[in-house]
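Residue numbers (the working numbering): 9 to 108.
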């Protein structure tokens, strides 16, 4: 993804949060572009790994429904706060039923 000339809001400050993360909306606005298919699949994979870990830990999970809800760590993984902090998201319950 390449930054376009004059991309983003003039003077917009994009900086990491206290957990060294940016949300997907900040990234999209900074580059004034969409993401490619390969990057989208990588995000899905990282989000699935994060969801799996949160469920295994027994954490309460919240559904990320907007790009601003998806928190990406500077090292490339989806941060657990994506799913474990409400931030305006809806609480999701999941029941796992045994298949006999």
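C-beta atoms are modelled at their ideal positions from N, C-alpha and C, and glycine is treated no differently.
Item checked: Three or more C-beta pairs below 8 Å linking the stretch 53-71 and the stretch 79-96 -> yes
Note to self: Considering only DSSP beta bridges, list what residue 86 is partnered with.
What the structure shows: In the DSSP output, where bridge partners are listed per residue, residue 86 has 80.
Check: With residue 57 and residue 88 assumed to form a contact (beta carbons below 8 Å), what rounded beta-carbon distance in angstroms separates them?
Finding: No, residue 57 and residue 88 are not in contact; Cβ-Cβ is about 10 Å, not under 8 Å.
Next item on the list: Determine the direct distance from the alpha carbon of residue 23 to that of residue 59, and round the result to whole angstroms.
Entry: Just so you know, the alpha carbons of residue 59 and residue 23 end up roughly 25 Å apart.
Note to self: Quick check on residue 33: buried or exposed, where buried means 16 or more other Cβ atoms within 10 Å of its Cβ?
What the structure shows: exposed
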